[in-house]
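Since the structure comes first, as structure tokens, the remarks are kept for the end.
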Amino acid sequence: MAKNPGSDLPQQWTHTPRSILRFKPGTKIADLDTDSSPGFTGSREDAAVLADRSQRFAGLQEMLYANGKEGDRRSLLLVLQGMDTAGKGGIVEHVIGAGSPMGIRYTGFGKPTEEERAHHYLWRINKALPAAGHIGVFDRSHYEDVLVVRVHNLVPQAEWEKRYDEINAFEKELVDTG
Numbered sequence: 002m003a004k005n006p007g008s009d010l011p012q013q014w015t016h017t018p019r020s021i022l023r024f025k026p027g028t029k030i031a032d033l034d035t036d037s038s039p040g041f042t043g044s045r046e047d048a049a050v051l052a053d054r055s056q057r058f059a060g061l062q063e064m065l066y067a068n069g070k071e072g073d074r075r076s077l078l079l080v081l082q083g084m085d086t087a088g089k090g091g092i093v094e095h096v097i098g099a100g101s102p103m104g105i106r107y108t109g110f111g112k113p114t115e116e117e118r119a120h121h122y123l124w125r126i127n128k129a130l131p132a133a134g135h136i137g138v139f140d141r142s143h144y145e146d147v148l149v150v151r152v153h154n155l156v157p158q159a160e161w162e163k164r165y166d167e168i169n170a171f172e173k174e175l176v177d178t179g
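For the sequence shown, my numbering gives the first residue as 2, with consecutive numbering after it.
Shown next, in the form of structure tokens:
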């Protein structure tokens, strides 16, 4: 596939996706054209994940898995946070689908169950973390426990405000332990 000069991007991209798709302060979600593909001039087929990238992902996943079997405690967690129909499923299909299902754990988080509500809000997240050598995919996440409860006024402000620090400490611990 032809590349843009000086770039790893296929020539169907007029800009790097990161530069054109990044949220900009002041942008209103209601004003976004959900049928657009800014910066991309190709067809749906042109947007498919390239075979060499899929092979690279599969190889890296295999190394992560093998290292986990040998005692390496590292794992990978991909958190997909977005509204329904935001494309989370497509990411899983096209990116994670290139890997071996044996080393991937997919968890979709919906409204907490009665059992989950009986525990601290991070309990269900902690239960779903990937084992050493595995890749975990979260369809939604612990961020919902700040976002949704704040927007819908489900818990007092003092409660959701302290969750920011709890989540930061939780994520730091995850990084520190591999």
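A virtual CB, placed ideally from N, CA and C, is assigned to each residue, including glycine.
For residue i: DSSP bridge partner residues
i, result
"residue 41", "14"
"residue 138", "79 and 107"
Distance between residue j and residue i (C-alpha atoms, nearest Å)
i, j, result
"residue 123", "residue 35", "32 Å"
"residue 154", "residue 146", "11 Å"
"residue 125", "residue 117", "6 Å"
"residue 163", "residue 87", "28 Å"
"residue 60", "residue 107", "19 Å"
"residue 132", "residue 112", "24 Å"
"residue 95", "residue 140", "15 Å"
"residue 16", "residue 55", "22 Å"
"residue 53", "residue 121", "42 Å"
"residue 179", "residue 128", "16 Å"
"residue 18", "residue 40", "7 Å"
"residue 158", "residue 29", "24 Å"
"residue 57", "residue 67", "15 Å"
"residue 70", "residue 156", "42 Å"
"residue 11", "residue 171", "38 Å"
"residue 32", "residue 89", "21 Å"
"residue 152", "residue 161", "10 Å"
"residue 77", "residue 27", "33 Å"
Nearest candidate by alpha-carbon position, reference residue i, set the options
i, options, result
"residue 45", "163, 156, 91 and 109", "91"
"residue 101", "157, 65 and 167", "65"
"residue 109", "134, 142, 120 and 84", "142"
"residue 174", "43, 121, 83 and 130", "130"
"residue 37", "25, 21 and 26", "21"
"residue 144", "83, 89 and 43", "83"
"residue 14", "33, 42 and 165", "42"
Residue j beta carbon less than 8 Å from that of residue i
i, j, result
"residue 104", "residue 62", "yes"
"residue 81", "residue 136", "no"
"residue 134", "residue 177", "no"
"residue 93", "residue 149", "no"
Residue-chain proximity (residue i, chain B), Cβ-Cβ < 8 Å
i, result
"residue 132", "This model lacks chain B altogether; it includes just one protein chain."
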